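In our numbering, the protein residues as written are 1 to 337. Every residue gets a Cβ at the ideal spot worked out from N, C-alpha and C, and that includes glycine. If you're wondering where the values come from, they're calculated on a predicted model, not measured in any experiment.
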Amino acid sequence: TGASDYLTKPFSMKELAARIRANLRTQALATAVPPALGQGNEAVLERGDLAGTRLAASYEFLDVIGEGGLGIVFKARHPRLNKLVAIKMLLPSRANQTAIERFEREARAVSQINHYNVVAVHDYGLTERKRPYIVMDYIEGESLLDKIEREGPLPLLTTSTILIQVCRGLQEAHDQGIIHRDLKPENIVLQHRSNRADWVKIVDFGLAHLLEGTRTRLTKEDSVVGTLQFLAPERLRGTPADARTDIYSLGVILFEMLTARQPFEDESMDALQVKILQESTAAPSLYREDIPPGSAFDRIVEKSTAKDPQSRYQSVAEMRLELEQTNSQLRRNRPSG
């Protein structure tokens, strides 16, 4: 009745048409995508199919700083804050509906981690072309892998100091029920901060879950020595990841820091998997004269890389405490002056 009464009232068709046109113009302005920020960045935008998107209108894309089997990482600037960020996007081939749902779930969880040894996540979402992205702090520094390749086996005190920080950041994530799943030296970034060297930032939390399978890092001779090396034996058998699978990865990282090599190497992927499943990790003392056989570093590597998860440290905190005791002993024994 109210609608009929309203429609029977006199009105001006000219005025009604003018109001409709005005509303349509307002709506068009509200939904229009502003132009991309900056100039000369068309080639960078093209790498991520970003031209004309709101993401390109919100950040000034400066460069591509990484690309792999999972996605591409951009260096960008937040214009209002004048702050550098890293924006990671999944490749189109990885952005199926399942991956998108996992991405949103993981990004939401990881954004809740607030720890000084974990890279901060500021935003996440989908572009207009259904490309998942995540906006993180831009970390200037070198990866732990680069440090090992540049310096070789690291000093014992440096090794324990770095790994203690990794344990602290990882513990915060585990306390929130988040497993990294892809811990390796490439995902540990070292900064110089407040006159302190080797300040740790862990990156790529949870993103490995989007790409189930064993990606690889190849040497110059193309022998497989990559992500598979850091995968716990139970994961090769199809058991879901838990905190102890991250602990296994920490043990392999510790071995590589101490020896500049990896516990198992083989040019055959299948043979490498057999070694991971069946062979024990060698003691670091076999490769270093400054590690007495059976001492703390040998014990920590052996326990953290045990084939049976029940035989490992059952929490990162447990492993961290033993590393801290070792670190304190090294500092006490360090020559003065």
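Residue i versus residue j - alpha carbon distance
i, j, result
"Thr127", "Val73", "15 Å"
"Arg320", "Met136", "26 Å"
"Glu60", "Lys9", "53 Å"
"Arg47", "Leu90", "12 Å"
"Thr339", "Glu67", "What the structure shows of the chain is the stretch from 1 to 337, and residue 339 is not part of that stretch, so it cannot be assessed."
"Gln191", "Ile162", "11 Å"
"Pro284", "Ser304", "13 Å"
"Glu318", "Ser311", "13 Å"
"Met13", "Ile20", "10 Å"
"Thr216", "Arg25", "Reliability fails at Thr216, whose pLDDT of 42 lies under 50, so the model's placement of it is uncertain and no value is given."
"Val225", "Leu286", "In this predicted model, Val225 has a pLDDT of only 35, less than 50, meaning its place in the structure is not dependable enough to derive any value."
"Thr53", "Arg131", "11 Å"
"Gln325", "Ser295", "12 Å"
"Glu106", "Pro240", "16 Å"
"Asp198", "Gln229", "24 Å"
"Asp49", "Arg102", "22 Å"
"Ala43", "Gly238", "41 Å"
"Thr384", "Asp290", "The chain is shown only over 1 to 337; residue 384 falls outside these bounds and no answer can be derived."
"Glu267", "Asp308", "25 Å"
"Ser223", "Phe264", "Note that Ser223 scores 37 on pLDDT, short of 50, meaning its location in the model is unreliable; the coordinates nonetheless yield the value given after this. If I take the Cα positions, the gap works out to 11 Å."
"Ile148", "Ala260", "6 Å"
"Pro335", "Pro79", "49 Å"
"Leu70", "Tyr313", "30 Å"
"Ala208", "Glu234", "Bear in mind that the predicted position of Ala208 carries a pLDDT of just 46, short of 50, making it unreliable; the figure below should be weighed with that in mind. Each residue's alpha carbon lies about 17 Å from the other."
Residue range of the alpha helix (DSSP H) that includes residue i
i, result
"Val44", "Glu42 to Arg47"
"Val316", "Val316 to Asn333"
"Ile113", "Ile113 -> no alpha helix (DSSP H), and no H or E assigned at all."
"Leu231", "No alpha helix (DSSP H) holds Leu231; DSSP gives it neither H nor E."
Coarse secondary structure for residue i, derived from DSSP in three states
i, result
"Gln393", "Nothing can be reported for residue 393, as the shown portion of the chain is limited to 1 through 337."
"Phe61", "strand"
"Val301", "helix"
"Arg86", "For clarity, residue 86 is Ala in the given sequence; the question names Arg instead. Looking at Ala86 - three-state DSSP - the assignment turns out to be strand."
"Glu172", "helix"
"Leu50", "coil"
"Ile179", "coil"
"Phe74", "strand"
"Val203", "coil"
"Asp266", "strand"
"Ala36", "coil"
"Arg237", "coil"
"Ala95", "coil"
"Leu154", "coil"
"Arg215", "Confidence is the limiting factor: at Arg215 the pLDDT is only 40, short of 50, which leaves the residue's position unreliable and the question unanswerable from this model."
"Thr281", "coil"
"Pro10", "coil"
"Pro79", "coil"
"Lys130", "coil"
"Arg288", "coil"
"Ser160", "helix"
"Pro293", "coil"
"Lys184", "coil"
Test item: CB-CB of residue i and residue j under 8 Å
i, j, result
"Val166", "Leu258", "no"
"Thr281", "Phe255", "yes"
"Lys75", "Leu62", "yes"
"Ala243", "Ile179", "yes"
"Leu157", "Arg288", "no"
"Val119", "Lys201", "yes"
"His174", "Val316", "yes"
"Gly40", "Asn117", "no"
"Ala57", "Ala36", "yes"
"Leu338", "Glu186", "With the chain running from 1 to 337 in the structure shown, residue 338 is simply not present."
"Leu272", "Leu236", "no"
"Tyr133", "Gly125", "yes"
"Ile113", "Gln176", "yes"
Element boundaries [beta strand (DSSP E), containing residue i]
i, result
"Tyr248", "Looking at the DSSP string, Tyr248 is not in any beta strand (DSSP E); the run it does join, the alpha helix (DSSP H), is Ala243 to Thr259."
Counterpart residues of residue i in DSSP-defined beta bridges
i, result
"Glu142", "Leu190"
"Asp123", "Val135"
"Glu67", "Ile72"
"Asp308", "The partner list for Asp308 (beta bridge, DSSP) is empty, contrary to what the question assumes."
"Arg341", "This structure leaves residue 341 out entirely; the chain is present only between 1 and 337."
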